[in-house]
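A short write-up of the structure that comes next.
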Amino acid sequence: MEREFKHPQIFADVLTLSQLYYPLHNNLPKPFRFAVGELILSELAECLRLIVLANAVDKQNAAGRTEGGAYVRKVRASVEVIRGFLLLAWKLKFVSHGAMTELSSRLEAIAKQAARWEQWFERSA
Numbered sequence: 072m073e074r075e076f077k078h079p080q081i082f083a084d085v086l087t088l089s090q091l092y093y094p095l096h097n098n099l100p101k102p103f104r105f106a107v108g109e110l111i112l113s114e115l116a117e118c119l120r121l122i123v124l125a126n127a128v129d130k131q132n133a134a135g136r137t138e139g140g141a142y143v144r145k146v147r148a149s150v151e152v153i154r155g156f157l158l159l160a161w162k163l164k165f166v167s168h169g170a171m172t173e174l175s176s177r178l179e180a181i182a183k184q185a186a187r188w189e190q191w192f193e194r195s196a
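In our numbering, each number is its position in the sequence shown, counted from 1, plus 71.
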């Protein structure tokens, strides 16, 4: 019998970040929302996709672990892009200090998880 697919905690954390961001997205000024806000949503969706792909690799062989590590590196890059876009929104005063603090702390937790996961893939490869 095949084992049920289980998402790692980082997947749930990115979903939570998306849920926190979305109401802010709807309140951004229209030009910024369409130019940058949509990119943030796209990066969040891409993170979720990459996490699923990384989790689905064959972790029993070196090639699969190498592929998983590459996916996680892309997750880490997306997290930094999201962080940069949110910082821009905050500097333009489109996002409050409180919202930025909350989003930043969640992004930091996601970044740490991704770094640990990437290290695991590298050590295991």
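Every residue gets a Cβ at the ideal spot worked out from N, C-alpha and C, and that includes glycine.
If you check the CB distance, A186 and D84 do not come in under 8 Å. Separation of A106 and S195 (C-alpha to C-alpha, rounded to the nearest whole angstrom) is 40 Å.
Secondary structure of H78 (DSSP, three-state): coil. Uninterrupted beta strand (DSSP E) stretches at least 3 residues long and entirely within the region 79-139 do not occur. Looking at K164, S113, A127 and A134, the one whose alpha-carbon comes closest to that of L88 is S113. At least 8 Å separates the beta-carbon of I111 from that of Q184. Taking C-beta atoms under 8 Å as the contact rule, V143 and A116 fail to qualify, at a distance of about 17 Å. R147 is a Cβ neighbour of E189, given a cutoff of 8 Å.
Taking a cut-off of 8 Å for Cβ pairs, the region 158-175 and the region 87-102 touch, as three or more such pairs fall below it.
Nearest neighbour of L178 by Cα position, chosen from S167, F165, L163 and L158, turns out to be L158. The beta carbon of L121 sits closer than 8 Å to those of Y142, V143, K145, V146 and S149, all from its chain and outside the five residues before and after it, given in chain order.
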